[in-house]
Each structure stands twice: as C-alpha cells, then as structure tokens.
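Q: In the numbering used here, the protein residues as written are 1179 to 1402. C-beta atoms are modelled at their ideal positions from N, C-alpha and C, and glycine is treated no differently.
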C-alpha cells in the first residue's frame, strides 16, 4: 500500500492551513489585548479551520486513491464478514468499498457508483462474492473480494433486501478520524464558532457590567 501517496494530500492541506491560520490568528489576538481570551479565540480559530479543511480534503483525496491506497474508514454501519474471514467495509465518505483481512490489515479498495448517497447495503454470497445495494436509486452490483465486478443491474425497490451488515470500528489513526464522517468537520466548525460566540458574549457582558458599575459610582458621588 502506498501510504505516503494516501496521506500526502490531506497532510499538506492540514499543515499549511494550520500554520497560516495559527500565525494570523496569534498576531491578531495578541494585538487586540484580549488577555486570557486569546487562548479560547486561538483554539476556536484552529478548530474552525481544521473543520473547513477536513470538509474539502476528501473531494481531492479520493480522486487520487489507487486500489492499493486505504481511505480512513473509522466507524462504519454496514460491514460484512465473508466466509473466508475477510471483512468488506463501505466507507461513510466517498462511496468506496474496502477489503480487510481478519486482523484488519488493508488489502484493497475501489469506488462504486451509488448515486447521491453513500449509504449501501451489503450481502455476502457464495465464496468470495457479495452483493451491493444502493439505498438511493435502485442499483445492484455483485463484486468479489478482489474488486472485480461480476454483475450489475437494478433491483425491485419493493423487495429491498434486509441489511445483513453490522457496525464495525475500523482501526484508524486518531488524527485521520475527522475524515471518516461528514459530520465531524461540521462539529469542529461548530465548536470553533461556539468558542468565538462565548468569548464575545462574555466581553459584552463585562463591558455592560463595567458601564453599569461606573454609572452607579457617578450617581453615588453626585448624591453625596
């Protein structure tokens, strides 16, 4: 597996983006004289940037994957075990099937056409063959674990097959988990914006409290 080829693109985007944003954000919050609020603002900016980068990287990354390259899968909802012990996993991102051995060693992967959704149902057949049903649309495929397309066609939506897959956690490095689900980049961005909002809210409340206390002090001096 060409691991360098697989990781080069996202790492380039991530490192470049983090360095540039970190320098710009650090300079801006340092000049603003925000005191302890610099920390939350910096963390919020990094989280927002990481989320934005992670949301777009898969579109470029997936186009450059060969069958020998693994895309980080993380938690998948419909993986199957074949009679020979191999595991077939549909990635949540990228409409891609990946085959692992019983010890989660990556063997190969390939893209499939599933319409507008990456949600599929897998069903093992005889020996090393399995069916793939796209939930949106009515496409049906039969592959073997070597990645060869055996059969393709359509199925009757009224007789949609029962999902025989099961949730599985594919061993994935922690720093690549954000690429395994479209929801994770959104959560990072939401977390970053939340930190920004909380700091701004705290600053506004502090200024209002300061003005109120100042007004009360002036009134008390005037009365005296």
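1. Between the beta-carbon of residue 1253 and the beta-carbon of residue 1285, is there less than 9 angstroms?
2. Can you tell me where the beta strand (DSSP E) with residue 1413 in it begins and where it stops?
3. Alpha carbon to alpha carbon, what distance is there between residue 1379 and residue 1298?
4. Going by C-alpha to C-alpha distance, which of 1336, 1248 and 1307 sits closest to residue 1269?
5. Can you tell me whether DSSP reads residue 1226 as helix, strand or coil?
6. Please state the DSSP three-state secondary structure of residue 1294.
7. Taking all protein chains shown into account, decide if residue 1387 is buried (16 or more other Cβ within 10 angstroms of its Cβ) or exposed.
8. Pull up the distance between the alpha-carbon of residue 1360 and that of residue 1369, whole angstroms please.
9. For the beta strand (DSSP E) containing residue 1256, list its first residue and its last residue.
10. What does the alpha-carbon distance come out to for the pair residue 1329 and residue 1315?
11. So for residue 1271, helix, strand or coil by DSSP?
12. Please determine, among 1321, 1312 and 1317, the residue with the shortest C-alpha to C-alpha distance to residue 1303.
13. Between the C-alpha atoms of residue 1331 and residue 1273, what's the straight-line distance to the nearest angstrom?
14. The beta strand (DSSP E) that contains residue 1312, what's its start and end?
15. Quick one, which of 1367, 1324 and 1334 has its alpha-carbon nearest residue 1262's?
16. Assign residue 1372 to one of three DSSP states: helix, strand, or coil.
17. Check for me: the beta strand (DSSP E) holding residue 1330 runs from which residue to which?
18. Would you please state the rounded distance, in angstroms, between the beta carbons of residue 1333 and residue 1327? I believe it to be under 8 angstroms.
19. Out of 1250, 1340 and 1279, which one is the CA nearest neighbour of residue 1355?
20. Could you name the residues of the same chain whose beta carbon sits closer than 6 angstroms to that of residue 1367, not counting the 5 residues immediately before and after it, in chain order?
21. In this structure, how does DSSP classify residue 1299 when only helix, strand and coil are distinguished?
22. With 16 as the cutoff for other CB atoms within 10 Å, does residue 1232 come out buried or exposed?
23. Restricting to Cα atoms, I'd like to know which of 1238, 1373 and 1383 is closest to residue 1224.
A: According to the structure shown:
1. No. Outside cutoff.
2. Any property of residue 1413 remains undetermined from this structure, which presents the chain solely from 1179 to 1402.
3. 44 angstroms
4. The candidate whose alpha carbon is nearest that of residue 1269 is 1248.
5. helix
6. Unreliable positioning characterises residue 1294 in this predicted model, as indicated by a pLDDT of 46, which lies under 50. A coordinate reading is not provided.
7. exposed
8. 15 angstroms
9. For residue 1256, the enclosing beta strand (DSSP E) begins and ends at 1253-1259.
10. 17 angstroms
11. coil
12. 1321
13. Residue 1331 and residue 1273 have their C-alpha atoms spaced approximately 17 angstroms apart.
14. 1307-1312
15. 1324
16. helix
17. Secondary structure note for residue 1330: its beta strand (DSSP E) is the uninterrupted segment 1327-1332.
18. Between residue 1327 and residue 1333 the Cβ distance is about 16 angstroms, and since that is not below 8 angstroms, they are no contact.
19. 1250
20. 1226 and 1229
21. strand
22. With 16 or more other Cβ atoms from the protein chains shown falling within 10 Å of its own Cβ, residue 1232 counts as buried.
23. 1373
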